[in-house]
Structure formats: C-alpha cells, structure tokens
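Respectively, the protein sequence lines represent chains A and B.
Per this note's numbering, the first sequence starts with residue 6, numbered consecutively.
Per this note's numbering, the second sequence starts with residue 6, numbered consecutively.
Protein chains: 2
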Amino acid sequence: MFTVAEENYIKAVYHLQQQQEMVSTNALSAELQTRPASVTDMLKKLKTKRIISYEPYHGVKLSSEGKKVALGIIRKHRLWEYFLVDKLQFGWDEVHEVAEELEHISSTKLVDKLDAFLGYPKFDPHGDPIPDSKGRLASQQQELLSGIPISKTVEITAVGSQSSELLELLKHKGLQMGTRLEVKKIFDFDGSLELKIKNQQVVTISRDLASVLFVKPV
Amino acid sequence: MFTVAEENYIKAVYHLQQQQEMVSTNALSAELQTRPASVTDMLKKLKTKRIISYEPYHGVKLSSEGKKVALGIIRKHRLWEYFLVDKLQFGWDEVHEVAEELEHISSTKLVDKLDAFLGYPKFDPHGDPIPDSKGRLASQQQELLSGIPISKTVEITAVGSQSSELLELLKHKGLQMGTRLEVKKIFDFDGSLELKIKNQQVVTISRDLASVLFVKPV
DNA sequence: ATTTATTTTTAGACAAACCTAAAAAATAAA
DNA sequence: TTTATTTTTTAGGTTTGTCTAAAAATAAAT
Ligand SMILES: [Mn+2]
Ligand SMILES: [Mn+2]
Ligand SMILES: [Mn+2]
Ligand SMILES: [Mn+2]
Chain A
6 MFTVAEENYI KAVYHLQQQQ EMVSTNALSA ELQTRPASVT DMLKKLKTKR
56 IISYEPYHGV KLSSEGKKVA LGIIRKHRLW EYFLVDKLQF GWDEVHEVAE
106 ELEHISSTKL VDKLDAFLGY PKFDPHGDPI PDSKGRLASQ QQELLSGIPI
156 SKTVEITAVG SQSSELLELL KHKGLQMGTR LEVKKIFDFD GSLELKIKNQ
206 QVVTISRDLA SVLFVKPV
Chain B
6 MFTVAEENYI KAVYHLQQQQ EMVSTNALSA ELQTRPASVT DMLKKLKTKR
56 IISYEPYHGV KLSSEGKKVA LGIIRKHRLW EYFLVDKLQF GWDEVHEVAE
106 ELEHISSTKL VDKLDAFLGY PKFDPHGDPI PDSKGRLASQ QQELLSGIPI
156 SKTVEITAVG SQSSELLELL KHKGLQMGTR LEVKKIFDFD GSLELKIKNQ
206 QVVTISRDLA SVLFVKPV
C-alpha cells in the first residue's frame, strides 16, 4: 500500500502534529533528515493519495485516513519495541532504530499475533501508548515530575528522551518505568529534588532529570 | 551494506547453486520474477561488489564473501520462520512471505538475540537447516520417503514443498515434522504407500506425497 | 512601505531497480 | 556446417526518492 519512505513521512507528520496543528516543510525536513525540496515532492505525492491535506506554502496535516495509517505504523513500532525489550532483553535505548525498520513489515496478521503474544501491552518501553488494532490509544493523566508537589506519591509512566545517557542515569538511581516515589524536598538553589523511592533509599536528582520524567498520581 | 533487492538476488543465486554450480540469467529471472535484462543489470552490480563471479554469457556463482552474505540472510529468514510458527502460532504455509520481508532487517544483534530467545533451533518449520552465527549448517542424512524400504522406522525431517495444500494433507493424515513411522506396504499399481505411524493408526499416502517428504533413519 | 531574511517551491539531475525492444552470442537442429 | 532457436546482453525508458541551485512566496525588520 505505502512505501517505506511514504510511511516514514506519514509518521513524521503525525508526530509533529502533536506539537502544532499545521506542520511545516522545514520541520519535516529536520525530522526526516532530508532536504526541504524532497519534502515538497513527497507532500505532493501524499496529497494525491489523499493521506494529507496540503496547500503550497501553507503547511500540511494528516487526513483522517492519514491518521489511521500513522497509528498503524506507530502500533507496529511500539509493539516491536516492547517485544525487543520484554522478550529479547534489549535495553530501551537500543530499540528505536531496529523498530524503525520493523515497523514497515506489512502483514497485519503478524502485528495482531505479536500483540496477542505480548499480552496486549498498553504502553511501550518508553511509556508511550500502543494503539490497539482499531487505532485507539490509552491515555494517561501524566505530568512532569518537575511539577509535582512535595509528599505526593506518584509512579513513573514515561520518559521524555530515549537516550542511553538517560537510561544509564535512571538505572544508577534505581528508577524505571513503574517505580513509585514521593518528592521529599525541592531545593530552590538549583531545582534539584530529593526523592523517596518506595521500599528503597532516598535519592537526589537534578531538575534536568525531573523534567524529562513523566509520572501519574497513585 | 546491501539493499533488499541485492539481498534477494544473492539469496536466489545461493539457492539455485544447490542444483547446479553455475547459475543462468534465465534461472534467476524465473526465480525472482523479473526480466532477464534486469538480472543482467544486477549481476554487473554484484560483480563490482565482489559478491559473485560473473562472465557475460557464462553464468554466475557466489564468491566466498557472497556465500557468507547469503547464509546470513538465510539464517534470518529461517529464524523468523521458526519464531512465527513456534511463538506466534502461524501455520508453516503462511510464514514464507512474511519471512521474506523480515530477513532484510539489518541488526545482527537482533538476529543473535532472537536465536537465543528461540533456543538456538537447528531446523526451521519446513525442516531446512538454520545457519548458526558463523554460517555453519547442521546436516542431516535425510532421504525421500519414496525411497525407503519396507519395515524401516524413520522420522519426518523436512518437506519438499511449502504449499498450504501439502500442509492440509499432512495435517489430515496426522503427519508432521518429527513424526515417526514405518512403511508397511508399497503398492506397485500406483506407488501408494501404507504407513504405520508410531503409536497411531495406519494411513495410506500417495506416491506424490511420499516424494516430497524427507525422512531420516531412527 | 520597502527592504531584507527566511521558508518553500520549481527546475534539472542522479542512482537504484525495474521495464521493452532490438542486437548479439551461444546452443541446438537440420 | 549452415541455419534456426534460445539465451543473454545492450540500448533506451520509467518510477521512486533523493539531491543542488535558483526562483518565488512569505515573514520579519527597518
Ligand atoms: Mn521507519
Ligand atoms: Mn518508543
Ligand atoms: Mn526477501
Ligand atoms: Mn523455510
């Protein structure tokens, strides 16, 4: 139905649309590491396929058909990430590139059987929601740890970055997806936080770290 | 390193070489469903990449480097087939096309972790050997069931066709990979065989079926 | 309201992988 | 050993997805 290149564009438009309704040629160019001229070419093509609405110079957005396609690709991407981490013991900093390839395997039977095999997970290893077979996303009322008041118990639900540096730091501090904790103190000087991890010790983390960790009340 | 198209050609040359040392342009054309002219183009390209030795009009064969590459692709293909059947409950008549895509996922880490996850299987669901991480193939001294003498106990090791029609027939007769049986009688009139399946009933199969089933003595 | 800077599109090319039609080489038949 | 048939290659095109360089449109600054 769609080529790998087309799928990557569709997914990129979807992701950029989370930030702002209308997506610019330059934003896509940056996201996909291609030149703006190439983006323009592809946008024309996707328009004729009715995947996007696009008027020259005025940006682009996904049609409802386009959204469906995007969610299908994202579903595959995140299910494969889950598989890699949960079954093959990859670290969550290593899975993105591989999933970037696996997401283009076309068989829907494969995706659905994989989903079942994994036990219909709702969130991928980075805490991002996995669309179900109908494209529905579970939503979580999550917020940044940096905005949580003192002495409220929360659970880590997602990370705002997927770098190995972040993973290294989290491992060192004893934090991971699902960890429950309570903010004990916030230091005005540098914004650092003291956290009490459920059933474990107290750790100190930087403001930088707190502002890439999403949590939900528990 | 190699494009999907290149990999498909390399694999095709490997497979055709099992039949005859030198592979013809037309044979590749038939195998890959492309025109001979396209094959010629690709052969020139693969020659400059030192993957094959090729002289115009005189056929083609893999270099030692080419063999390594081919075995790597076949390893991925068969490991994925095993995964699909063993973990995702696909029938072995459904896995080939999907594996045809999955075999091109490049990460070697993925392949090796998949191999470990599956328990280092030696044979794929069709009974074909899976190359190990160094490209080594397990060999079996297998022969066609149609050539087995009466009252010798053998085990089904492989199938010579991967069609769903064959699978349907095998299922119906209660035969599958690993089934042990003994040839009770061979009818000269039509070459049909009467088999006693270990711990089960006696079944009759056609000569056509017997000549696509590989077995080994046990 | 012009001028300047940025963004986006057009124009023209290129590599990859395919195609058809025609020419050339190799093989088989007469 | 000619002639006919088959196989393979060459020549010239097409589509997809990319690029650079230049033009056009939009946005920002004076
Ligand atoms: Mn991708
Ligand atoms: Mn993810
Ligand atoms: Mn393939
Ligand atoms: Mn197989």
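Here a beta-carbon is modelled for each residue, glycine too, at the ideal position from N, C-alpha and C.
- Compute the minimum distance between the beta carbon of residue 101 (chain A) and the heavy atoms of ligand 2, and state whether it is under 8 Å. Within the first sequence, the letter at position 96 stands for residue 101 (chain A). Yes, ligand 2 has a heavy atom inside 8 Å of this Cβ.
- Message: Closer than 8 Å to a non-hydrogen atom of ligand 3 - does that hold for the CB of residue 187 (chain B)?
- Response: Position 182 of the second sequence, counted from the first residue, corresponds to residue 187 (chain B). Checking the Cβ of residue 187 (chain B) against ligand 3 gives no.
- Item | Residue from B:101, B:173, B:128 and B:111 with nearest C-alpha to residue 115 (chain A) | Locating residue 115 (chain A) in the first sequence gives position 110, where the first residue counts as 1. For residue 115 (chain A), the nearest C-alpha among the options comes from B:101.
- Does the beta carbon of residue 111 (chain A) sit closer than 9 Å to a beta carbon anywhere in chain B? The count along the first sequence starts at 1 and reaches residue 111 (chain A) at position 106. True, the Cβ-Cβ gap to chain B drops below 9 Å.
- Task: With DSSP as the reference, label residue 192 (chain A) as helix, strand or coil.
- Result: For this step, residue 192 (chain A) is matched to residue 187 along the first sequence. It is coil, neither helix nor strand.
- Item | Interface residues of chain A facing residue 92 (chain B) [CB-CB closer than 7 Å] | In the second sequence, residue 92 (chain B) corresponds to position 87, counting from 1. Neighbours of residue 92 (chain B) on chain A, chain order: 122.
- Query: Does the Cβ of residue 31 (chain B) have 16 or more other Cβ atoms within 10 Å, making it buried, or fewer, making it exposed?
  - Reply: Position 26 of the second sequence, counted from the first residue, corresponds to residue 31 (chain B). Looking at its Cβ environment, which holds fewer than 16 other Cβ atoms inside 10 Å, residue 31 (chain B) is exposed.
- Message: Which residues in chain B have a C-beta closer than 9 Å to the C-beta of residue 103 (chain A)? List them in chain order.
- Response: The residue you call residue 103 (chain A) lines up with position 98 of the first sequence. Under the 9 Å cutoff, chain B gives 110, 111, 112, 114 and 115.
- Query: Do residue 105 (chain A) and ligand 1 come close, with the Cβ less than 8 Å from some heavy atom?
  - Reply: For the purposes of this step, residue 105 (chain A) is taken as the residue at position 100 of the first sequence. Residue 105 (chain A) Cβ: within cutoff of ligand 1.
- Query: Does DSSP put residue 185 (chain A) in a helix, in a strand, or in coil?
  - Reply: Against the first sequence, residue 185 (chain A) aligns to sequence position 180. Three-state DSSP puts residue 185 (chain A) in a strand.
- Task: Quick one: residues in its chain with C-beta nearer than 6 Å to the C-beta of residue 11 (chain B), no 5 flanking neighbours on either side, listed in chain order?
- Result: Here the question's residue 11 (chain B) lines up with position 6 in the second sequence. So the list is empty, once near-sequence residues are dropped.
- Could you tell me if residue 173 (chain B) is buried or exposed, where buried requires 16 or more neighbouring beta carbons within 10 angstroms of its beta carbon? As a working note, residue 173 (chain B) is residue 168 in the second sequence. Its Cβ having fewer than 16 others within 10 Å, residue 173 (chain B) is exposed.
- Cβ-heavy atom distance between residue 131 (chain A) and ligand 2 below 8 Å? Here residue 131 (chain A) refers to the residue found at position 126 when the first sequence is read from its first residue. Under cutoff, so the answer is yes.
- Quick one: grab the DSSP three-state call for residue 221 (chain B). Along the second sequence, one-based indexing puts residue 221 (chain B) at 216. Three-state result, residue 221 (chain B): strand.
- Which of helix, strand or coil does DSSP assign to residue 73 (chain B)? Against the second sequence, residue 73 (chain B) aligns to sequence position 68. Helix, per DSSP.
- Taking 9 Å as the CB-CB limit, is residue 95 (chain B) close to chain A? For the purposes of this step, residue 95 (chain B) is taken as the residue at position 90 of the second sequence. Output row for residue 95 (chain B): interface = yes.
- Query: Looking at residue 20 (chain A) and ligand 2, is the gap between the Cβ and the nearest heavy atom below 8 Å?
  - Reply: Taking the first residue of the first sequence as position 1, residue 20 (chain A) is located at position 15. No.
- Query: So residue 67 (chain A) is in the alpha helix (DSSP H); what residue range does that whole segment cover?
  - Reply: Locating residue 67 (chain A) in the first sequence gives position 62, counting from the first residue. First-last for residue 67 (chain A): 65-67, but that is the beta strand (DSSP E), not the alpha helix (DSSP H).
- From A:59, A:96, A:110 and A:141, pick the residue whose C-alpha is nearest to that of residue 181 (chain A); which is it? If you number the first sequence from 1, residue 181 (chain A) lands on position 176. Residue A:96 is the option with its Cα nearest to residue 181 (chain A).
- Continuous beta strand (DSSP E) assignments of at least 3 residues falling wholly in the segment 100-172 of chain A: 158-164
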